[in-house]
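Participant:
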Amino acid sequence: MSRKREHEAEKENSERWLLTYSDLITLLMIFFVVLYSMSKVDAERFQAIAESLNKALGGGTPARIEMATSPVGPSLFQSGTPSSTTTVPGKGTDPSNTVNADQETDGENKYAGQGNTDAENMSIKGIKAKLDKFAADNGIQAKLVSSMEERGLVVSIQETLLFASGSAKIDLRAQEILQSISTVLASAPNQIRVEGHTDNLPIHTAQFPSNWELSVIRATNVVQILQHEGIAPGRLSAAGYGEYRPIASNDTSEGHDRNRRIDLIILRSKYDVTEPQQTPISAPLAPAMKATP
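Per my numbering, residue 5 is the first one in the sequence shown, and the count goes up by one each step.
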């Protein structure tokens, strides 16, 4: 009897490896299911969640998370490929004259796949083309410059096109320029932020105690012109940065000229989540009817 029991015990122990094997197969299956689910994240929802979390945690700017596209949809895993270059027409084959392919397409490919639709990219690209043509036709392409950034289209207007030095008054010629710009901007529903910038030369007058006031009032005056020309006020906002967001060195007069500017930012729609939401105003209550005796 004892030999029979020992034989049965040995038989049972020899099959215990199947439990370990089945557990391992189950874990592998769960691991690949998780990987598959991560590779099919909804890009727009994921970007919105990331930006909301960043804002809630005190981040100054929305989080930027690169999303790569694949045949099955957006993926968190981005494959690296060598950036292609192209030669600028009319500049020969000198390697110094080659530019990145992203620059040839005005940066559209650079910011694709980050929650931006093709329709919005085409709309912003069309606005840029119209403004560039307007600047070239009027010979002001050096003072009215548009560029693509991650946040949207930035239209930078130098001070001399809009204001006299140390002034926030918009003259007739400046109003005509802003009128033409507003006609182009009215075609898109995007939010528009007007930013005022100055150089680092101090100002201290009764109207403008510092560059802060000068930059803010200039931006506000531009907003009023855009609103007067038909852009919905709910799309507009104004900000003043004074001398603290330069784009060139303040050590030269050319740098001063570049830093004294008004920037019109046509924000991409994904940044709507960081803008204050409009709260509908409830209708006033009707007066209560007085009961007749």
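For every residue, glycine included, the Cβ atom is placed at its ideal position computed from N, Cα and C.
1. Whole angstroms are fine: how far does the CA of I196 sit from the CA of V159?
2. Are the Cβ atoms of L189 and I266 separated by less than 9 Å?
3. With contact counted as at least three CB pairs below 8 Å, one residue from each stretch, are the region 198-213 and the region 234-254 in contact?
4. According to DSSP, is D255 part of a helix, a strand, or is it coil?
5. At the level of alpha carbons, what is the spacing between R259 and P250?
6. Hey, quick one: how far does the alpha helix (DSSP H) through S151 stretch, first residue to last?
7. By Cβ distance, which residues of its chain are closer than 7 Å to D98, with the 5 residues on each side in sequence left out?
8. Please state whether DSSP places E211 in a helix, a strand or coil.
9. What separation, rounded to the nearest whole angstrom, lies between the Cα atoms of K173 and D136?
10. Spell out a yes or no on whether the region 205-213 and the region 223-232 are touching, meaning 3 or more CB-CB pairs, one atom from each, closer than 8 Å.
11. According to the neighbour-count rule (16 or more other Cβ atoms, all chains shown, within 10 Å of its Cβ), is A236 buried or exposed?
12. Checking the sheet assignment: what are the DSSP bridge partners for I229?
13. Bridge partners for L268 per DSSP, in chain order?
14. If you drop the 5 nearest sequence neighbours on each side, which residues of the same chain put their C-beta closer than 7 Å to that of W216?
15. Out of curiosity, what's the CA-to-CA distance linking D175 and L166?
16. Measure the Cβ-Cβ separation of I131 and S191 and say whether it is below 9 Å.
17. Rounded to the nearest angstrom, how far is the Cβ of L157 from that of I185, given a contact under 8 Å?
18. Given a threshold of 16 other Cβ atoms within 10 Å of its Cβ, counted over all protein chains shown, does A139 qualify as buried or as exposed?
19. With H, G and I counted as helix, E and B as strand and the rest as coil, what does DSSP make of A243?
20. Between the Cα of Q145 and those of S171, R272, K134, E279, spot the shortest distance and give me the residue it belongs to.
21. Among I207, Q231, S219, which residue has its Cα nearest to the Cα of Q179?
22. For T219, collect the residues of the same chain with a Cβ closer than 7 Å to its Cβ; drop the 5 residues on either side in sequence, then sort them by chain order.
23. Would you say R262 and N194 are within 9 Å of each other, going by their C-beta atoms?
24. Grouping DSSP H, G and I as helix and E and B as strand, with all else coil, what is Q281?
25. Who are the Cβ neighbours of R183 in its own chain at under 8 Å, not counting the five residues just before and after it?
26. Check this for me: beta carbons of T121 and S26, under 9 Å apart or not?
27. Can the beta-carbon of I161 be found less than 9 Å from the beta-carbon of L268?
Facilitator: Here's the rundown:
1. Taking the straight line joining both Cα atoms gives about 11 Å.
2. No; because the gap between Cβ atoms is not below 9 Å, this pair is not in contact.
3. Output reads yes: the region 234-254 touches the region 198-213.
4. Assigned with DSSP and collapsed to three states, D255 falls in coil, not helix or strand.
5. Note on identity: in this sequence residue 259 is Gly, with Arg being the wrong assignment. Taking the straight line from one Cα to the other gives about 9 Å.
6. Judged by DSSP secondary structure, S151 falls outside any alpha helix (DSSP H) and instead within the beta strand (DSSP E) spanning 148-153.
7. With a pLDDT of 44 at D98, under the threshold of 50, the predicted position of this residue should be treated as unreliable, and no value is reported.
8. Note that residue 211 is Gln in the sequence shown, not Glu. Three-state DSSP puts Q211 in coil, outside helix and strand.
9. Rounded to whole angstroms, K173 to D136 spans 25 Å at the Cα level.
10. In short, these stretches do not touch, since the Cβ pair count stays below three.
11. Counting other Cβ atoms within 10 Å of its Cβ, A236 stays below 16 and is therefore classed as exposed.
12. Looking at the DSSP assignment, I229 forms no beta bridge with any residue, so it has no partner.
13. DSSP, once it has assigned bridges, lists V159, V198 as partnering L268.
14. Non-local C-beta neighbours of W216 in its own chain, meaning closer than 7 Å and more than five positions away in sequence, comprise G244, G246, ordered along the chain.
15. Near 7 Å, if we compare the C-alpha coordinates of L166 and D175.
16. Closer than 9 Å, so yes.
17. Their Cβ separation, rounded to whole angstroms, is 12 Å, which puts L157 and I185 out of contact at 8 Å.
18. The C-beta of A139 has 16 or more other C-beta atoms within 10 Å across all chains shown, which makes the residue buried.
19. A243 sits in a strand when the DSSP states are folded into three classes.
20. Ranking S171, R272, K134, E279 by CA distance to the CA of Q145 puts K134 first.
21. Taking Q179 as reference, the option from I207, Q231, S219 with the minimal CA-CA separation is Q231.
22. One detail in the question is off: residue 219 reads as Ser in this sequence, not Thr. Hits under 7 Å: G200, H201, T202, G244, Y245, G246.
23. Cβ distance not < 9 Å, so R262 and N194 don't count as in contact.
24. Coil.
25. As written in the sequence, residue 183 is Gln, which differs from the Arg given in the question. Within the same chain, Q183 has close Cβ partners I229, E233.
26. Going by C-beta atoms, T121 is not nearer than 9 Å to S26.
27. Yes, the pair counts as a contact, with Cβ atoms nearer than the cut-off.
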